[in-house]
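J.: Please see the structure below; I have some questions.
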Amino acid sequence: MQEIPLETHDLTVAYDKRPVLYGVDVQVPEGKLVGIVGPNGAGKSTLIKAIMGIVPITGGWVKVFGESFARGAKRVGYVPQRESVDWDFPVNVMDVVLMGRYGRLGLMGRVSKADREIAEACLDKVGMLPYAKRQISNLSGGQQQRVFLARALAQESDLYLMDEPFVGVDAATEAAIIELLRELKGRGKTILVVHHDLPTAQTYFDMLMLLNMRLVAFGPTEEVFTQELLQKTYGGRLTILSEVANTVMKESK
Amino acid sequence: MSIWSELIPEFSFEQVFVEPWTEFLDPFIWIFLMGFFVTAACGFLGTFIVWRRMALVGDAISHSVLPGLVIAFLVSQSRDTLPMFLGAVGAGVLTTGLIEVIHQKSRIKTDAALGIVFTTLFAIGVVLVSLYGENVDLDTDCVLYGELEHVTLEPLSSVFGLFEAPGSVIRMGVVSLLVVGLVILFYRPLVVSSFDPGLARSMGMNPAAMHHALMSLLAIVVVSSFEAVGAVLVIAMLIFPGTTASLLSDRLPVILGITLVIAFLGALLGMHFALWLDISTAGAISTVIFGMFLLAWVFAPRRGLLWQVFR
């Protein structure tokens, strides 16, 4: 039987007793590139943080490859939002990518030569190997995002959770990232990406999760990317609605 | 000219720099070692505290120690080191715990929570002192400024029959070794939970436990240093080495190494200056490490002010 990389049941999260996510039920199949879309404050980041236990869950459960997250953590790679860390922190590019290996080393294990080689290969994959010794504050936004991606690759996971990896990156980096994600998918990996740009969401992802505090819809992009469902997700936000209308119109031409 | 000669005592190289290492080695080596151990332990751990933006937690701990000391004294009815130490560390750990609870259970931000907690604990200490003042023998000067020179008045105790040293110097040495050892042992989880707590959590590490462990260690270090350098100057020891070293290097292991060099030079020069000018050694060490910070700020390669002007 095929393993289910990610399953949530009735997942509910509340901050200060104010619910931000409720009753999220999903079963993400293996080998899919899934976009999580929804308006600001819809709980997109909260969803992936709740999956990993970074924010406490108020109700429901999460299973990763059929196990609790704690047991399945080694098979999950994470790309946090770029602004969530202090880029002045005194580490270089190589140090950051090696952090991707820490989950496998235990509390006091040492970084081996093999770990370094894996980290170098991952840096090479995102075109950042020449910058290995660079201090991380001396990188552009796109380069920082590539470093985060290399770190996730170094985790050698089967399920990847990425929080807005396309924010603040140049077009070349965006294209490089999406190509890399497709390659990962080709190797049977499952990838969830928090994304806020609707026009590209339609072309980038196999499946979409439409989220606005509740799960509005989850399914193959061509079935879910409809004006009706998007309207349900975004409510009456005119600018986005007109954007959607344009996209849908372009599609129908 | 005469004003200067009145303000600054006559300088004798022989007396200031040579005699402490020859004729008067016995008292001065303990002053130097105590200064070095305090600055090294504070500076090494302080580097993480600074990068985690919790520089003033050390300040809060050092001020909340007072009620811990008084309560420990009232309970144990003695001024032995162990109950005093436990009382003070308990108060320190309580401080960081309360800051956390207030921050999490209300909308109050960490800095305000810190202000609430340590002033309250300090006030409780003041109340207790005025209630039981006649029984509590607390030297307020010592609390504020520390008396590093007091180590020379202590009787020497033997360490496994290998050598003899004053008790507080031995204790501080053990604390420094503990700090350096623990940081090296848990270096990777410490770095990853300082740089990216989300990633650490997603890897099954426990950044919250790491935070509590770090705070407890900080409480131990601050309390051990307290007697030597006082409640205020301990902040200088916590913040200056790490910030100065961070101006000089981009790599955390190098920065940590530099803090030890700063501690060594600070204790050495501080001891000599204190001897020359007849001033408090803790004050002299703090001034010296501030001087080093100033030099690094102006002259550091790449990050220094001069470099940025003339590059």
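Top line first, the protein sequences correspond to chains P and G.
Going by the working numbering, the residue at position 39 of the first sequence is 39; the numbering climbs one at a time, nothing skipped.
Numbering-wise, the working numbering comes out as the position in the second sequence, counting from 1, plus 253.
Backbone N, C-alpha and C fix where the C-beta goes; we use that ideal spot for every residue, glycine too.
In this text the structure is predicted, and so the values were computed from the model without any measurement.
1) Output the distance between the C-alpha atoms of residue 108 of chain P and residue 440 of chain G, rounded to the nearest integer angstrom.
2) Within the same chain, show all residues whose beta-carbon is closer than 7 Å to that of residue 14 of chain P, passing over the 5 residues directly before and after it, in chain order.
3) Under the three-state reduction of DSSP, which class applies to residue 227 of chain P: helix, strand or coil?
4) Jot down the residue ranges of each uninterrupted beta strand (DSSP E) in the stretch 31-103 of chain P, minimum 3 residues, whole runs only, in chain order.
5) Compute the distance between the beta-carbons of residue 11 of chain P and residue 24 of chain P, then report whether it is under 8 Å.
6) Give a yes or no on whether the C-beta atoms belonging to residue 31 of chain P and residue 190 of chain P are separated by under 8 Å.
7) Is the stretch 51-65 of chain P touching the stretch 218-235 of chain P, taking contact as three or more C-beta pairs under 8 Å?
8) Less than 8 Å between the CB atoms is what I'm expecting for residue 76 of chain P and residue 159 of chain P, so what's the real figure, rounded?
9) Note down the Cα distance separating residue 557 of chain G from residue 486 of chain G, rounded to an integer number of angstroms.
10) Here's the rule I'm using: 16 or more other beta-carbon atoms within 10 Å means buried, otherwise exposed. How should residue 145 of chain P be labelled?
11) Give a yes or no on whether the minimum CB-CB distance between residue 78 of chain P and chain G is below 8 Å.
12) Ordered along the chain, which non-local residues of its own chain (more than five positions away) have a Cβ less than 8 Å from that of residue 269 of chain G?
13) Since residue 446 of chain G and residue 460 of chain G should fall inside the 8 Å C-beta cutoff, what is the C-beta to C-beta distance between them, to a whole number of angstroms?
14) From the DSSP output, in three-state form, read off residue 25 of chain P for me.
15) What is the DSSP secondary structure of residue 196 of chain P, reduced to helix, strand or coil?
16) Among all the DSSP beta bridges, which residues are the ones paired with residue 445 of chain G?
17) Rounded to whole angstroms, what's the CA-CA distance from residue 200 of chain P to residue 318 of chain G? Just pull it up for me.
18) What residue from G/548, G/399, G/463 and G/347 has the CA that sits closest to residue 438 of chain G's CA?
19) So the candidates are G/483, G/274, G/280 and G/515; which of them puts its Cα closest to the Cα of residue 496 of chain G?
20) Could you work out which residues of chain P lie near residue 304 of chain G, taking near to mean beta carbons separated by less than 8 Å?
21) By the DSSP assignment, the alpha helix (DSSP H) with residue 280 of chain G in it spans what residues?
22) Between residue 269 of chain P and chain G, is there a C-beta pair that is closer than 8 Å?
23) Kindly list, in the order they appear in chain G, the residues whose Cβ is closer than 7 Å to that of residue 103 of chain P.
24) Give the residues of chain G in contact with residue 118 of chain P, contact being defined as C-beta atoms less than 9 Å apart.
25) According to DSSP, which residues form a beta bridge with residue 495 of chain G?
26) With 8 Å as the threshold, decide whether the Cβ of residue 332 of chain G is near any Cβ in chain P.
27) Where does residue 105 of chain P sit, in a helix, a strand or coil, going by DSSP?
28) Three-state secondary structure (DSSP) at residue 138 of chain P?
29) If the cut is a Cβ gap below 8 Å, which residues of chain P does residue 448 of chain G touch?
30) Is it a yes or a no for the stretch 343-350 of chain G touching the stretch 405-414 of chain G, going by three-plus beta-carbon pairs under 8 Å?
T.: For this structure:
1) Position 108 of the first sequence, counting from 1, holds the residue named residue 108 of chain P. Position 187 of the second sequence, counting from 1, holds the residue named residue 440 of chain G. Just so you know, the alpha carbons of residue 108 of chain P and residue 440 of chain G end up roughly 8 Å apart.
2) One-based indexing of the first sequence puts residue 14 of chain P at position 14. Within the same chain, residue 14 of chain P has close Cβ partners 20 and 58.
3) Numbered from 1 along the first sequence, position 227 holds the residue referred to as residue 227 of chain P. Reduced to three states, the DSSP call for residue 227 of chain P is helix.
4) 33-37, 59-64 and 76-79
5) Translated into the one-based positions of the first sequence, residue 11 of chain P becomes position 11. Translated into the one-based positions of the first sequence, residue 24 of chain P becomes position 24. Taking 8 Å as the Cβ cut-off, residue 11 of chain P and residue 24 of chain P qualify as a contacting pair.
6) In the first sequence, counting from the first residue as 1, residue 31 of chain P sits at position 31. In the first sequence, counting from the first residue as 1, residue 190 of chain P sits at position 190. Yes, the Cβ-Cβ distance between residue 31 of chain P and residue 190 of chain P is below 8 Å.
7) no
8) In the first sequence, counting from the first residue as 1, residue 76 of chain P sits at position 76. In the first sequence, counting from the first residue as 1, residue 159 of chain P sits at position 159. Rounded to whole angstroms, the Cβ separation of residue 76 of chain P and residue 159 of chain P is 5 Å, and the two are in contact under 8 Å.
9) As a working mapping, residue 557 of chain G is identified with position 304 in the second sequence. As a working mapping, residue 486 of chain G is identified with position 233 in the second sequence. The straight-line gap from Cα to Cα measures roughly 25 Å.
10) Position 145 of the first sequence holds residue 145 of chain P. Label assigned to residue 145 of chain P: buried.
11) Translated into the one-based positions of the first sequence, residue 78 of chain P becomes position 78. Closer than 8 Å to some Cβ of chain G, the Cβ of residue 78 of chain P qualifies, so yes.
12) Here residue 269 of chain G refers to the residue found at position 16 when the second sequence is read from its first residue. Excluding sequence neighbours, residue 269 of chain G sits near 525, 528 and 529.
13) Stepping through the second sequence from its first residue, residue 446 of chain G is reached at position 193. Stepping through the second sequence from its first residue, residue 460 of chain G is reached at position 207. Contact flag correct, Cβ pair sits at about 4 Å.
14) Taking the first sequence and counting its residues from 1, one reaches residue 25 of chain P at position 25. DSSP places residue 25 of chain P within a strand segment (E or B) once states are collapsed to three.
15) Position 196 of the first sequence, counted from the start, is the residue given in the question as residue 196 of chain P. Residue state, collapsed to three classes: coil.
16) Counting from one through the second sequence, the residue named residue 445 of chain G turns up at place 192. DSSP lists no partner for residue 445 of chain G.
17) As a first step, residue 200 of chain P is located in the first sequence; it is residue number 200 there, counting from the start. As a first step, residue 318 of chain G is located in the second sequence; it is residue number 65 there, counting from the start. Cα to Cα, residue 200 of chain P sits roughly 57 Å from residue 318 of chain G.
18) As a working mapping, residue 438 of chain G is identified with position 185 in the second sequence. Measuring from the Cα of residue 438 of chain G, the nearest candidate turns out to be G/463.
19) By 1-based counting over the second sequence, the position of residue 496 of chain G is 243. Ranking G/483, G/274, G/280 and G/515 by Cα distance to residue 496 of chain G puts G/515 first.
20) Reading the second sequence from its first residue, position 51 is the one you call residue 304 of chain G. Per Cβ cutoff of 8 Å: 86, 89 and 90.
21) Counting from one through the second sequence, the residue named residue 280 of chain G turns up at place 27. Its alpha helix (DSSP H) spans residues 278-304.
22) Absent from the model: residue 269 of chain P. The displayed extent of chain P is 1 to 253, so no value can be given.
23) Your numbering for residue 103 of chain P matches position 103 in the first sequence. In chain order: 456 and 457.
24) Along the first sequence, read from residue 1 onward, the residue named residue 118 of chain P stands at position 118. Residues of chain G passing the Cβ test: none, with the nearest at roughly 16 Å.
25) Stepping through the second sequence from its first residue, residue 495 of chain G is reached at position 242. The partner list for residue 495 of chain G (beta bridge, DSSP) is empty, contrary to what the question assumes.
26) In the second sequence, residue 332 of chain G corresponds to position 79, counting from 1. Not one chain P Cβ lies under 8 Å of residue 332 of chain G.
27) Here residue 105 of chain P is taken as the residue at index 105 of the first sequence, counted from 1. In this structure, residue 105 of chain P counts as helix in the three-state DSSP scheme.
28) As a working note, residue 138 of chain P is residue 138 in the first sequence. Helix, per DSSP.
29) For the purposes of this step, residue 448 of chain G is taken as the residue at position 195 of the second sequence. Per Cβ cutoff of 8 Å: 85, 86, 89, 91, 96 and 99.
30) no
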